[in-house]
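Notes follow once the structure below has been shown.
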Amino acid sequence: MPTSRRPELLAPAGTLDMMRTAFAYGADAVYAGQPRYSLRVRNNSFGQLETLAAGIDEAHAAGKLFYLVANIYPHNAKLRTFEDDMAPVIAMKPDALIMADPGLIMMVRERWPEVDVHLSVQANTTNYASVRFWQSVGVKRIILSRELSLDEVAEIRDTCPDMELEVFVHGALCIAYSGRCLLSGYFNHRDPNQGTCTNSCRWDYKLHEAGENAAGDVQSCGNTPLGNPTDFGTVGTALGSALGGGPRHIGGSKVWLLEEGSRPGELMPIEEDEHGTYILNSKDLRAIEHVQRLVEIGIDSLKIEGRTKSPYYVARASQGYRRAIDDAVAGRPFDTRLLGELEGLASRGYTDGFYQRHHTPEHQNYLRGHSES
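23 is the number of the first residue of the sequence shown in this note's numbering; add one for each residue after it.
Printed below as a string of structure tokens:
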């Protein structure tokens, strides 16, 4: 059935070319940020005030919206410079600031009460009570956590009918809860919550034979990748027993089953191809088949992730979701061909995340705090 509610299609913009491409292929709005205060430092041309001003002016001239991202969790040093740095940016009149840190939000609300604030997904909003809290302090829109199911999103919409709600429908997913990750900081001192994440979860990892020394410390037995798993003590007893002395092979890739010592019988597959094993590398989100339901729920904005991606990515994703939104609003059934048209954009494969929670055994279960697998 046709509906008069048409959600905004919000696309990423790391450069002016990406912004123009997004608008050309159907986006209603873009989001971009300065490297110092947003969570994207790489492939970001909006660090120059002239470029940022040009982007905002060009978007407004085209009848589009431009949201400025300032969603870091700052330490004191950045807190001291924030207002002075933001003053010329606010003067450019972005349509809203996307923010996460309560202190920064308070500073903006006190100095620039006329500026709309959208709460970033980094703030982990997972329930309607949190939505009500942020509404009480003047936040105009909530970008809901990716860890919510469609039913939970609908309940928040029903409980908070006068708050703008935004959800992610496409793009990279983080293995940590709404991006609260420390891997990059641990490996190479690049803090994800300061915008310098090096995506350590996407690196390839190799299995090496290991064992315990006399002190009980785990140490490598050499640089040779683990080929025929053996029982070498409490570190990995299941590598030998679970596999019958050797790995099984699937399509030319080597796969081991790992068993954690205190969880006998819970076997975890580790697959390794010629490049290594990607044990932390999440599939990308693709929720285009759920656009119809999100329109029915009354979501105000559907968001595509990818400020560091290419203009081609932005074009294909914006085009696909534009068609899905228009079909849903017009009451037309979902065109399954859109799934295939997005297929080439994700080398990691796709998932619909938590939107259909528990509909397969492999889906994560944050509600009860353990995996269904």
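C-beta atoms are modelled at their ideal positions from N, C-alpha and C, and glycine is treated no differently. Nothing here was measured: the structure is a model prediction, and the numbers come from that model.
By the Cβ criterion, the segment 320–338 is in contact with the segment 187–194, since at least three pairs of Cβ atoms, one from each stretch, lie closer than 8 Å. Between the segment 172–191 and the segment 315–322, the count of Cβ pairs shorter than 8 Å is three or higher; the stretches touch. Sixteen is the threshold: since fewer than 16 other Cβ atoms of the shown chains lie within 10 Å of the Cβ of E365, the residue is exposed.
Per DSSP, V189 lies in no alpha helix (DSSP H) segment; the continuous beta strand (DSSP E) that holds it begins and ends at E186 to G193.
The segment 81–94 makes contact with the segment 111–128; the number of CB pairs closer than 8 Å reaches 3 or more. Residues L31, A33 and S340 of the same chain have their beta carbon placed closer than 6 Å to that of A49, with the five preceding and five following residues left out of the count.
Our two residues, D138 and K162, have alpha carbons roughly 6 Å apart in a direct line. By the neighbour-count criterion, in which a residue is buried when 16 or more other Cβ atoms sit within 10 angstroms of its Cβ, G362 is exposed.
Residue state for L166 is assigned as coil, using DSSP reduced to three classes.
Scanning the segment 34–86 from its first residue to its last, the whole beta strand (DSSP E) runs of 3-plus residues come out as 51–55. Check the Cα spacing between R344 and each of P24, P29 and T25: the tightest is with P29. Contact check for D349 against Q378 fails: the beta carbons are separated by 9 Å or more. Here M128 is exposed, its C-beta having fewer than 16 other C-beta atoms within 10 Å. Between the C-alpha atoms of A35 and H297 there is a straight-line separation of about 31 Å. Inter-residue distance for S167 and V143 is about 5 Å (C-alpha atoms, whole angstroms).
CA-CA distance, E72 to G353, rounds to 43 Å. Only residues of its own chain outside the window of five on either side were considered, and among them G36 and P57 have a CB closer than 6 Å to the CB of N66, listed in chain order. With a cutoff of 9 Å on beta-carbon distance, P96 and Y59 are scored as near each other.
In this structure Y150 does not touch E169 by the C-beta definition: roughly 15 Å separates them, more than the 8 Å allowed. Boundaries of the beta strand (DSSP E) harbouring I326: S323 to I326, taken from the DSSP string. Looking only at D306, S158 and A122, the smallest Cα-Cα distance to I165 is reached by A122. Going by beta carbons, M41 and E105 fall outside the 9 Å limit.
Counting every other CB atom within 10 Å of its CB across the protein chains shown gives T148 a total of 16 or more, marking it as buried.
Partner residues in the beta bridge of D306, as assigned by DSSP, are Y372. The beta carbon of G69 is closer than 6 Å to those of Q56 and P57 in its chain, skipping five residues each way along the sequence.
Ranked by Cα distance from R27, the options V351, S369 and I310 are led by V351. If you ignore the 5 residues before and after A145, its C-beta comes within less than 6 Å of the C-beta of A122, all in its own chain and listed in chain order. Straight-line spacing of the CA atoms in H82 and A76 works out to 10 Å.
When rounded, the separation of the alpha-carbon atoms in Y335 and L367 is 6 Å.
When C-alpha distances from V175 are compared across F356, K331, G342 and E318, the shortest belongs to E318. Around the beta carbon of F190, a 10 Å sphere encloses 16 or more other beta carbons of the protein chains shown; the residue is thus reported as buried. Ranked by how close their Cα comes to the Cα of A337, the residues L38, T43 and D39 have T43 in first place. If only uninterrupted alpha helix (DSSP H) runs of at least 4 residues are considered, those enclosed by the segment 97–140 are 98–113 and 124–133. Between the beta-carbon of F45 and that of A84 there is about 6 Å, and that keeps the pair under the 8 Å contact cut. Secondary structure note for V153: its alpha helix (DSSP H) is the uninterrupted segment Y150 to S158.
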